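Enquirer: One line per chain: the protein sequences are A and B, in this order. Residues 1 to 332, numbered by my numbering, are exactly what the first sequence covers, in order. Residues 1001 to 1337, numbered by my numbering, are exactly what the second sequence covers, in order. Backbone N, C-alpha and C define an ideal beta-carbon position, used for all residues, glycine too. From a predicted model like this one, the values you see are computed outputs, not experimental measurements.
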Amino acid sequence: MAASSRAYCISYADIKAAYEVVRPHVHMTPLMQCSSISKLTGKNIFLKTENLQRTGSFKIRGALNAVERLKEDHSNSNTSCVITHSSGNHGQALALAANLCGVDSYIVMPETAPLCKKEAVKGYGGNVVECLNSEKSREEVANQVMKDKGGVFIHASQNPRVIAGQGTIAIEILAANPDIDAIIAPVGGGGMISGIVLAAKSIKPSIKVYGAEPEEAKSCYTSKKLGKRTGNPQTPVTVADGVKVSIGENTWPIIRDLLDDVITVSEDEIKAATKLVYERAKLVIEPTSGVGIAAVMKKSFMDLHGNGEEVKNVAVVLCGGNCDLKNMLEWY
Amino acid sequence: MADRLLTCEEIDEGKRIVESSPDCLLTPLLKDVHLLGMQVGGASDGDGRKVHLKLENMQTTGSFKIRGVTSQMTHLNKQENNDKEKKRKVVTMSAGNYGKAFAFACRKHQLDGTVAMPTTAPESREKIIKEFGCNVVRVPSHDLLKKVEELQAEGSTFLHPFDDINIIAGYASVGMEMVEQLGRKPDVVVVCCGGGGFLAGVSAGLRRIGCTDTKIYGVEPETANSMQRSKQQNSACQMPKAHSFAAGLAPQFAGTICYNHVRAYVEDIVVVDEGQIASATRHLCERGLFVEPSGAAAFAAVMFDKVAHIGGDVVIIITGGNVSPSELAHVFEKASS
């Protein structure tokens, strides 16, 4: 199925345009070859080190693209202000993106969010607005802020400009190494994987793209299996805190049509993979990034997808490095 | 021997050995790290300064030491082994990264290795070295050299952990690699300094590849500044009371051959304190790099404006990443900012 033949919320042209917008502000993070993981999998493994990206994750790409294009997209709204709810990487990314574009930002976060995350948002010039630790409270408080301030709500994974921004990761991977024949990335809301698969298959139609999810939060896997969008359980319990959300209505069609497969991994596999990256690659990653590494190391994946000559060079996206070392010590 | 400097041939041979060894990796040069949000010093970036990091923490065995060890062992293998039935015996003294690289290489090169380490060294160090199949013998610090001499008398060849011309030749490869990766001559290079072997090698390599104007700085902990004192006194000196939580940078003397190269090629030696090393370690960790305190000292020097004439292309070498997350968590508590 050609990447351009269906009407998705974005096109490859949108991703190319996003790259022009984000390129001056984000780092083209290195694609590092990791010999230890390569030896363990029998494939050439390349790590796309978005843990080294500004704000500590890839999310700055989508956030920047969205904020830069505010005036175009929302000419009737107050474009001097952006709002979101996120205790994770999107909150920090949006705060910095807003700062770079001279716009105010309001990040709604649960009062129980770690202090370092609140401090990080403030450090980037964002305003932290606290809510209770529930989906309901997050939305209520965000709605209240929008009422009070006006401004534009930027969703972490379903906003088309955000998805287009995340797709620039694939442009960089293939520019750094055109011989990459497969890309693996973790999936939460699906913003990153849908941007990546759309861009990658537009540039190199033969490339394989796989999503990776925790067993405990496998909305993407289940949706693909059932052929219809299905959500995660209410409160998934996983060490991969960045991918607890379920895939959404904008990312689902792209995933449904273009993603080759989804691999699920256990909590132990995620922890072991995260530890391996620390010890061998000497990169600091958050456990969510370990999901992709765990997937590429799974025997069932290598048997199913890796045996043929067509998959030799695999890029794994290390999506972020924002972790609390102290929390990790409990299971390290 | 007193004023011995590496010859061009020796440097080129060192590079050749490292490049052709499957044990030594071409580590990344992370360019222009300001874009990654790394605060490197108070000077504004309007002065066109670009900071790059040479990531030797990603080297085989987690530090640059494998380059020196590989060079040492290649030269050793060229010598006659008197007892061809048995494996050649080698001995060294190091509880740190050199010991780990040595043990790894002994297994690779089929050598019967023994590492002498102080009784004060942590259990984990002994475990790591034994896992490579190396013997470990523990003695009080002041008896290390005596133990080594005993083993030499029994037929082991002593491989010095840093004051060895072959080691320094292996390290020169880093100085040359960074220039090839950068694509131009750096203006400033900042290097962590313990016994001074790495600083000696890197500076010799830089000069060999034509970087005659590059200003090279060594960085030591202020409580273990044997090389700084050596430079002040015009001779390699001992420092029995040297100590630092960055243990890799605190041997009790500056190497003699190392000092010769420092005197010839290095602009200056600067010092940083514990809090600064801890801050640099944490700063790097927060931005995605797993670095041990000894490996972050050079970064600390630039971060806290200890290096004069810091402009243009600045390459900082991240020398090692052998530390556990729990050790790091403790280190962060010492951070000064």
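#1: Taking 9 Å as the threshold (C-beta atoms), are residue 21 of chain A and residue 196 of chain A in contact?
#2: Can you give me, in chain order, the residues of the stretch 12-30 of chain A that have a beta carbon less than 7 Å from any beta carbon in chain B?
#3: Output needed in chain order: residues of the stretch 1268-1294 of chain B with a Cβ under 7 Å from some Cβ in chain A.
#4: If you measure beta-carbon to beta-carbon, which residues of the stretch 41-55 of chain A are closer than 8 Å to chain B?
#5: Quick check on the burial criterion: 16 or more other C-beta atoms within 10 angstroms. Buried or exposed for residue 76 of chain A?
#6: Going by DSSP, which residues form a beta bridge with residue 32 of chain A?
#7: Closer than 9 Å, CB to CB, is residue 316 of chain A near chain B or not?
#8: Tell me whether the beta-carbon of residue 340 of chain A lies closer than 9 Å to the beta-carbon of residue 166 of chain A.
#9: How many whole angstroms separate the CB atoms of residue 284 of chain A and residue 221 of chain A, which I take to be in contact at a CB cut-off of 8 Å?
#10: With burial defined as no fewer than 16 other Cβ atoms inside 10 Å of the residue's Cβ, what is the status of residue 1127 of chain B: buried or exposed?
#11: Pull out every residue of the stretch 1015-1026 of chain B whose Cβ sits closer than 8 Å to any Cβ of chain A, in chain order.
#12: Quick check on the burial criterion: 16 or more other C-beta atoms within 10 angstroms. Buried or exposed for residue 68 of chain A?
#13: Which same chain residues, not among the five before or five after residue 1147 of chain B, have their C-beta less than 7 Å away from its C-beta?
#14: Any Cβ of chain B within less than 9 Å of the Cβ of residue 119 of chain A?
#15: Which residues, in order along the stretch 1057-1071 of chain B, keep a beta-carbon less than 7 Å from a beta-carbon of chain A?
#16: 9 Å is my cut-off, CB to CB: does residue 285 of chain A come that close to chain B?
#17: List the DSSP bridge partners of residue 1052 of chain B.
#18: At what residue ranges does the stretch 66-120 of chain A contain a whole run of the beta strand (DSSP E), taking only runs of 3 or more?
#19: In chain B, which residues lie with their C-beta within 9 Å of the C-beta of residue 297 of chain A?
#20: By alpha-carbon positions, which one of B:1180, B:1239, B:1050 and B:1190 ends up nearest to residue 1216 of chain B?
#21: List, in chain order, every chain B residue whose beta-carbon is nearer than 8 Å to that of residue 278 of chain A.
#22: Evaluate residue 229 of chain A with the Cβ neighbour count: other Cβ atoms within 10 Å of its Cβ, from every protein chain shown; 16 or more gives buried, anything less gives exposed.
#23: To the nearest angstrom, how far is the alpha carbon of residue 338 of chain A from that of residue 73 of chain A?
#24: Taking CB distances under 9 Å as the criterion, tell me whether residue 95 of chain A reaches chain B.
#25: With H, G and I counted as helix, E and B as strand and the rest as coil, what does DSSP make of residue 1045 of chain B?
#26: Give me, in chain order, the residues of the same chain whose beta-carbon lies closer than 6 Å to that of residue 1300 of chain B; leave out the 5 immediate sequence neighbours on both sides.
#27: Nearer than 8 Å: is that true of the beta carbon of residue 210 of chain A relative to any heavy atom of the ligand MN?
#28: Starting from residue 38 of chain A, find everything on chain B with Cβ-Cβ shorter than 9 Å and list it in chain order.
#29: Check whether the Cβ of residue 157 of chain A lies closer than 9 Å to any Cβ atom in chain B.
#30: Would you mind listing the alpha helix (DSSP H) stretches within the stretch 1118-1189 of chain B that are 4+ residues and don't spill past its ends, in chain order?
Expert: Answer, in terms of the structure:
#1: no
#2: Of all residues in the stretch 12-30 of chain A, 27 and 30 have a Cβ within less than 7 Å of some Cβ in chain B.
#3: 1285, 1287, 1288, 1289 and 1290
#4: In summary, the residues of the stretch 41-55 of chain A whose CB is separated from some CB of chain B by less than 8 Å are 49, 51, 52, 53, 54 and 55, in the order they occur in the chain.
#5: exposed
#6: A:47
#7: no
#8: The structure shown has nothing for residue 340 of chain A, since chain A only spans 1 to 332.
#9: Incorrect: roughly 28 Å between the Cβ atoms, too far for contact.
#10: exposed
#11: 1025
#12: buried
#13: 1116, 1137 and 1139
#14: no
#15: 1057, 1058 and 1062
#16: yes
#17: Paired residues: B:1315.
#18: Correct list: 81-85 and 104-110.
#19: Residues of chain B passing the Cβ test: none, with the nearest at roughly 19 Å.
#20: B:1190
#21: 1290 and 1325
#22: buried
#23: The structure shown does not extend to residue 338 of chain A, since chain A is modelled only from 1 to 332, so the question has no answer here.
#24: Interface annotation, residue 95 of chain A: not in contact with chain B, CB-CB separation never under 9 Å.
#25: Annotation note: pLDDT 48 at residue 1045 of chain B (below 50); position unreliable, no value reported.
#26: 1272, 1276, 1277 and 1280
#27: Ligands in the displayed structure: none, and consequently the ligand MN is not present.
#28: None at all; the shortest Cβ gap to chain B is about 12 Å.
#29: no
#30: For the stretch 1118-1189 of chain B, whole alpha helix (DSSP H) runs of length 4 or above, ordered along the chain, are 1123-1131, 1144-1153 and 1165-1182.
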